[in-house]
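Numbering (my numbering), first residue to last: 71 to 398. C-beta atoms are modelled at their ideal positions from N, C-alpha and C, and glycine is treated no differently. Since the structure is predicted, the reported quantities are computational estimates derived from the model, not experimental observations. Following: one structure in structure tokens, then a few remarks.
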């Protein structure tokens, strides 16, 4: 399991509790937005005592800006009516105001707090990009699955009596479901397309994820631009005019701040078109570049002065007519 998720289970690392919509923003501000962060709510006693359903969904998979947030929600099978009372539906089909109100109620209303719990992992945009661009690539689907599996493990280790798991799919649902069944053989597992529209517990997870992402963008602090004001970058979706304008104001030397997923083609194309080209020159001594026979060189070679005093100097120094000074 991800070490950040492990740390959060016990609550020892928690700086602040999220018990309302109002407390969400201050909690996020305390986090390092260059890294992933995890929050696990208090676990209702009912969720430990009775068999529970658990839903999984994400928010922010497609945007070029900001984190992708995975969320889970869980409640006893006997408390399905609580989900209906709170009015859970696919977060993408609800207005921002409605999502915020539901999130606030699920953290403040006694009947909700006593039977419903949730957790989120915010996956930093630069972590997403590094995974997708490193030598051994880790695709967005793999990042998504890792997060979902980690959050399910977190719920189990926190004491939730999980019996059924419902997941909004990433890729082919049959393949994803089979993978989860191997990892969690004791659970009834359902992976489906648009599960957030079909299963209220997935809708609850969707709202936790979406509201967290929205507020992560609202309170985003730029390391690169400490004097930057409120959100000047929009929703993060490539079609958003405000986001387009933000991406057009690229720094010609340093490119984009960490907010941008630089592995996205939208960002990559902008860098190719507008940013300065950078060349990294590496001139290698011809003799050093020749393939040496293993075991043929003496150890003393590495402790003696070089005999190749006239080797070609770096182009940077030649172009500027700079000479090496031996005697002052």
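Since I believe residue j is in contact with residue i (beta carbons under 8 Å), could you give me their beta-carbon distance rounded to a whole number of angstroms?
i: residue 218; j: residue 140; result: 6 Å
i: residue 279; j: residue 174; result: That belief does not hold up - the Cβ atoms of residue 279 and residue 174 are roughly 16 Å apart, past 8 Å.
i: residue 123; j: residue 234; result: 4 Å
i: residue 250; j: residue 261; result: 7 Å
i: residue 95; j: residue 213; result: The Cβ separation is near 25 Å, so there is no contact.
i: residue 105; j: residue 197; result: 7 Å
i: residue 313; j: residue 326; result: About 12 Å; that fails the 8 Å criterion.
i: residue 145; j: residue 271; result: 7 Å
i: residue 236; j: residue 125; result: 5 Å
Work out the CA separation of residue j and residue i for me, nearest whole Å.
i: residue 357; j: residue 348; result: Residue confidence for residue 357 is low, a pLDDT of 49 falling below 50, so the modelled location carries little weight and cannot support an answer.
i: residue 324; j: residue 318; result: 14 Å
i: residue 121; j: residue 256; result: 12 Å
i: residue 158; j: residue 136; result: 25 Å
i: residue 332; j: residue 208; result: 15 Å
i: residue 188; j: residue 171; result: 16 Å
i: residue 185; j: residue 152; result: 8 Å
i: residue 179; j: residue 113; result: 15 Å
i: residue 310; j: residue 316; result: 10 Å
i: residue 226; j: residue 339; result: 43 Å
i: residue 93; j: residue 143; result: 19 Å
i: residue 88; j: residue 176; result: 11 Å
i: residue 182; j: residue 202; result: 38 Å
i: residue 273; j: residue 132; result: 19 Å
i: residue 244; j: residue 194; result: 28 Å
i: residue 322; j: residue 342; result: 10 Å
i: residue 320; j: residue 336; result: 12 Å
i: residue 86; j: residue 286; result: 15 Å
i: residue 84; j: residue 291; result: No answer about residue 84 holds up, because its pLDDT of 49 lies below 50 and its placement is not dependable.
i: residue 149; j: residue 221; result: 21 Å
i: residue 107; j: residue 229; result: 21 Å
i: residue 283; j: residue 392; result: 53 Å
i: residue 98; j: residue 211; result: 25 Å
i: residue 307; j: residue 119; result: 42 Å
i: residue 330; j: residue 164; result: 26 Å
i: residue 204; j: residue 242; result: 25 Å
i: residue 334; j: residue 116; result: 43 Å
i: residue 281; j: residue 275; result: 10 Å
i: residue 354; j: residue 199; result: Model confidence at residue 354 stands at a pLDDT of 48, short of 50, so the residue's coordinates are unreliable; what they give is reported in the following sentence. Cα to Cα, residue 354 sits roughly 31 Å from residue 199.
i: residue 305; j: residue 223; result: 31 Å
i: residue 103; j: residue 293; result: 9 Å
i: residue 154; j: residue 206; result: 44 Å
i: residue 253; j: residue 134; result: 31 Å
i: residue 91; j: residue 100; result: 16 Å
i: residue 269; j: residue 328; result: 35 Å
i: residue 277; j: residue 264; result: 14 Å
i: residue 168; j: residue 162; result: 11 Å
i: residue 267; j: residue 216; result: 23 Å
i: residue 130; j: residue 110; result: 19 Å
Return the first residue and the last residue of the alpha helix (DSSP H) that residue i is part of.
i: residue 96; result: 94-99
i: residue 318; result: 311-318
Give the DSSP-derived three-state secondary structure of residue i in the structure shown.
i: residue 337; result: helix
i: residue 356; result: For residue 356, the pLDDT reaches just 47, beneath the cut-off of 50, and the residue's location in the model is therefore unreliable, although a value from the coordinates is still provided. Looking at residue 356 - three-state DSSP - the assignment turns out to be helix.
i: residue 180; result: helix
i: residue 281; result: helix
i: residue 170; result: helix
i: residue 330; result: strand
Since residue i is in the beta strand (DSSP E), which residue starts that stretch and which ends it?
i: residue 190; result: 187-193
Please indicate yes or no: does the CB of residue i lie closer than 7 Å to some heavy atom of the ligand MN?
i: residue 126; result: Looking at this structure, you won't find the ligand MN or any other ligand, since it has none at all.
In chain order, each alpha helix (DSSP H) run of at least 4 residues that lies wholly inside the stretch 210-266: 210-227, 243-253
Minimum length 4: unbroken alpha helix (DSSP H) runs contained in the stretch 87-157: 94-99, 115-119, 150-156
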